[in-house]
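For the sequence shown, my numbering puts the final residue at 341, and the numbers step up evenly by one. Using N, Cα and C, we set each Cβ at its ideal position, and we do this for glycine too.
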Amino acid sequence: MFRGKVRKIHFIGIGGSGMNGIAELLLNQGYTITGSDLKESPTIERLRNLGAKIFIGHSEENVKDVDVVVYSSAVKPDNPEMIKAKQLGIPTIPRGEMLAELMRFKYGI
Numbered sequence: 233m234f235r236g237k238v239r240k241i242h243f244i245g246i247g248g249s250g251m252n253g254i255a256e257l258l259l260n261q262g263y264t265i266t267g268s269d270l271k272e273s274p275t276i277e278r279l280r281n282l283g284a285k286i287f288i289g290h291s292e293e294n295v296k297d298v299d300v301v302v303y304s305s306a307v308k309p310d311n312p313e314m315i316k317a318k319q320l321g322i323p324t325i326p327r328g329e330m331l332a333e334l335m336r337f338k339y340g341i
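Quick look at the structure:
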């Protein structure tokens, strides 16, 4: 799906209904997934059980050593993870664009 050496993808707002499915799909494709959210949930526990490393709370430390950051529409521009990713030159991708990339070579209705 990605060109180059993208292996580790971080999701800001990973517990959201639009984000967790994308994260799970990428986990199943062999990507290393990290993420953050404001609170624990059964969805977050499920992703952890599948191998994702998930942080509760947003911190600039959460995005170190990642190749790409995916963010939900609920994430504000002043989010510390977004700010740090931009400072480090890490590509940031809206959830909708990531979903479009995943669907590009698939049949969907």
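Separation of residue j from residue i, as counted between CA atoms
| i | j | result |
| --- | --- | --- |
| I244 | R336 | 23 Å |
| V307 | R327 | 11 Å |
Neighbourhood of residue i by C-beta distance below 7 Å, restricted to the same chain and skipping five residues each side
| i | result |
| --- | --- |
| F287 | S268, N294 |
Buried versus exposed call for residue i [16 or more other C-beta atoms within 10 Å across all chains shown]
| i | result |
| --- | --- |
| G283 | exposed |
| L279 | buried |
| L258 | buried |
Same chain, Cβ closer than 6 Å to residue i, five either side skipped, listed in chain order
| i | result |
| --- | --- |
| K316 | E292, V295 |
| T266 | H242, K285 |
| K240 | T264, V298, D299 |
8 Å Cβ shell around residue i - same chain, five flanking residues per side excluded
| i | result |
| --- | --- |
| D312 | First, the amino acid is wrong: residue 312 is Pro here, not Asp. Excluding positions up to five away in sequence, the list reads H290, S291, E292. |
| K318 | T324 |
Any C-beta of chain B under 8 Å from that of residue i
| i | result |
| --- | --- |
| K318 | Protein chains in the displayed structure number just one, and chain B is not present. |
Length-filtered (4 minimum) alpha helix (DSSP H) runs lying within the region 264-297: Runs of the alpha helix (DSSP H) inside the region 264-297: 274-281.
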